[in-house]
Amino acid sequence: MKGSGSGLRLPLLACVVGLVVAFGGVGLLELIALITNVSYHGHFSSHHAVPGYATLGMWGMLVPVVGGLLIGLIARFGSPDVRGHGIPEAMQGVMMKQSRIPLRVAFLKPLASAISIGTGGPFGAEGPVIATGGAIGSLFGQWIPSSTVERKILLASGAAAGMTAAFGTPVAGVLLCIELLLFEFRSRSMIPVALAAGAAMAVRVCFGEAYPMLPLEVVNAPGPMLAGSSAMVGLISGLVAVGITHALHGIEHLFEKLPIHWMWWPALGGVAVGICGWLDVRTLGPGYANLESLLAGSPTLTAMATLFVFKFLSWSICLGSGTSGGTVAPVMTLGGAVGGMVALSLHIIPGLEQVPVGLLVLVGMVSVFAGVSRAFLTSVAFGLEATHATWAGGPLLLGCALAVLVSRICMHESMMTEKLARKGVRVPVDYEPDVLHGLHVGEVMLAEPKTVPPDMMVSALAERIVSTDPLWNAARLFPIVDDGKVLLGVVSRADILAAVNEVPQSTVLEAGVTEVITIHATASLSEAADRMILRSVGRLPVVDEEDPPRLRGLISRREILQARQHRLDAEKRI
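FYI, the UniProt record's numbering numbers position 228 of the sequence shown as 228, with every residue one higher than the one before it.
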């Protein structure tokens, strides 16, 4: 029963984390709406609101500047961790801080993000909700005795719940955590994260949030046409992802060269937001309405191009200034505009008038995000879940795969990992199974190790070790067995040398160790390596499962390292 309770502990905690984060995520959306109403419309309400200049006129351009000043103050005197777009900060917590995120971040990050977005910042709430959810999960792992691995799982559970609360995409939330936070496919991790996302989805539905968030009309177009146009959008999206990533990092470097304290940078970013918002009001705020409009194919080619230019300038300058906000919504807006422009351009070519604008908008949305994040599975799942357009699975796979391919060819690091790479932290990018899990001890062990009888004198064994026989000379551990190969103990070279100097007439059984740490031939090499590390030994006798145990062989660190040759050999071209 103890093992059963221990196995349920983490999933139950993850469920609690998911519920708490979901309520917090809904509360953050309400807070953003409240700040938007107060800042731009002059009334105290948490009803959905869109930022604009109808009430304040040109004075409304100062609202993002004031928001930037407040964020700079929070970052300077509260915590600098509130800066950034959420996901990289959560990754940093996992990679560099043993998944420990301070309590103040869980409060200040959503506050700063709500101010940023509510005052017109061109960001989505998903990044801050993910970061806040991760912080809440980390706090649970710090308040309740947990290992570093358990704390990481709880952090990921909070992050998955945050994305689910923001977009209603639980599967994408789970995959996001696998690809960007957990870096593994293990039941121990996936089940708690999935439960947290499911719990968050249940809460989200109770509040009447849109589901699906971005409905897409079913289209009927020839398969080859869809495949070809989706591939084109994927390639272009990959190039766009590379371009905006380099541009963002370049803008960050420019801000770092300014002769003023970084506390003032978000205010400068707010100036760009205000100006871009005046030129195109659609660039203000999260812009979820823009995504709906793009999916419906409503904007003209010029309108899409204008949205792309000014949204990119507003988002990149503001985010590069070190403010607080998410990247998913703005990046998808840019991608949707790219997909829409490609579709409308193809309509000019005779015979391609049937290319569906909404579908290519969707492919562009998720492909650009896939290119900047390299979260391939997350991007595809998001496109399917957010729209419920299961028929779009093939085009989404094509577009995202090509976008990630272009991104990996053209960039060493993604937008999510660049800051960590600058600090010397290597983030895993491939999640392949450990070869040590797939090989058994019996496959690589030394089947005929040098053994000694229990009554052999240590002096006689010492003479054999220093002889010219290379097999005896190379051995470091000698199993002690009887005539039936029953393992009685082991004696090492160090034991022999010590006994020869102190008690030369002793037997190897007297000089050796009788309580032997062993392993079975059917155990994995991973288990053998773990046992060596935990018991601080370099070699393990391999025994059968009978009682008393009979010797089957001997395995050392050398055999375990040589096992990796299997993977290297598999990579060679014949």
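Just so you know, even glycine gets a beta-carbon here, dropped at the ideal spot from N, CA and C.
Same chain, Cβ closer than 6 Å to residue i, five either side skipped, listed in chain order
i, result
"S4", "With a pLDDT of only 45 at S4, under the threshold of 50, the placement of this residue in the model should not be trusted; the figure read from the coordinates follows. Within the same chain, S4 has no close Cβ partners at all."
"M201", "T164 and P170"
"L477", "V490, S492 and R539"
"S506", "V458 and A499"
Proximity of residue i and residue j at Cβ, strictly below 9 Å
i, j, result
"S414", "G68", "no"
"S556", "G438", "no"
"S229", "A343", "yes"
"V129", "G25", "yes"
"K109", "A125", "no"
"L139", "A14", "no"
"Y288", "L214", "yes"
"P51", "C318", "no"
"V309", "G158", "no"
"G383", "A231", "no"
"L301", "S345", "yes"
"P102", "S79", "yes"
Euclidean distance between Cα positions of residue i and residue j
i, j, result
"W59", "Y53", "8 Å"
"T378", "M416", "14 Å"
"G18", "V193", "9 Å"
"E463", "L534", "33 Å"
"H447", "V543", "Checking the displayed sequence, the identity of residue 447 turns out to be Ala instead of His. Their backbone Cα atoms lie some 11 Å apart in a straight line."
"R9", "G118", "38 Å"
"L396", "G162", "24 Å"
"V466", "N473", "6 Å"
"R493", "V435", "31 Å"
"P504", "D455", "13 Å"
"G297", "G371", "23 Å"
"T42", "G364", "Note that residue 42 corresponds to Gly in the displayed sequence, not to Thr. Approximately 37 Å between the Cα atoms of the pair."
"E219", "A392", "Just to set this straight, residue 219 is Val in the shown sequence, not Glu. V219 and A392: Cα-Cα distance of roughly 9 Å."
"V491", "I519", "17 Å"
"D530", "L540", "11 Å"
"L307", "A403", "21 Å"
"G538", "E443", "18 Å"
"V458", "L509", "9 Å"
"L239", "S526", "41 Å"
"L568", "I560", "14 Å"
"A135", "F369", "23 Å"
"G223", "E385", "22 Å"
"F148", "K572", "The question names Phe, but residue 148 is Thr in the sequence shown. Rounded to whole angstroms, T148 to K572 spans 37 Å at the Cα level."
"Q565", "P330", "45 Å"
"H261", "L268", "12 Å"
"L295", "R422", "37 Å"
"E252", "G270", "15 Å"
"G277", "N290", "14 Å"
"G141", "L181", "16 Å"
"L471", "R186", "42 Å"
"R374", "G250", "20 Å"
"T333", "S146", "40 Å"
"E184", "F107", "29 Å"
Residue i burial status per 10 Å Cβ neighbour count (16 or more: buried)
i, result
"S189", "buried"
"E179", "buried"
"K311", "buried"
"I409", "exposed"
"C206", "exposed"
"P350", "exposed"
"I348", "exposed"
"W143", "exposed"
"R282", "buried"
"T387", "buried"
"D469", "exposed"
"residue 577", "With the chain represented from 1 up to 574, any question about residue 577 goes unanswered, as that position is not in the structure."
"P299", "buried"
"E256", "exposed"
"T245", "buried"
Nonlocal neighbours in the same chain, by C-beta distance under 8 Å from residue i, ignoring five residues either side
i, result
"M263", "G72, L73, A75 and R76"
"M225", "L352, Q354 and V355"
"H47", "A33 and N37"
"L461", "V452, F478, V491, I496 and V508"
Sequence-distant residues of its chain with Cβ nearer than 7 Å to residue i (five each side left out)
i, result
"L29", "A125"
"V328", "G124, E126, G127 and F369"
"A305", "M341"
"K2", "Low confidence applies to K2: its pLDDT is 43, below 50, so where it sits in the model is not reliable, and the reading given next is rough at best. Nothing meets the Cβ criterion."
"A197", "G18, A160, A161, T164, P170, G173 and V174"
"G121", "P64, G67, V273, C318, T323 and G325"
"A528", "V441, I519, L540, I555 and I560"
is_contact[residue i, chain D] using C-beta, thresh 9 Å
i, result
"G326", "Here there is only one protein chain, and chain D is not present."
If contact is defined by three or more beta carbon pairs under 8 Å, each pair taking one atom from either stretch, is the stretch 546 to 563 in contact with the stretch 480 to 488? yes
Just checking, does the stretch 318 to 338 make contact with the stretch 358 to 369 on the three C-beta pairs under 8 Å criterion? yes
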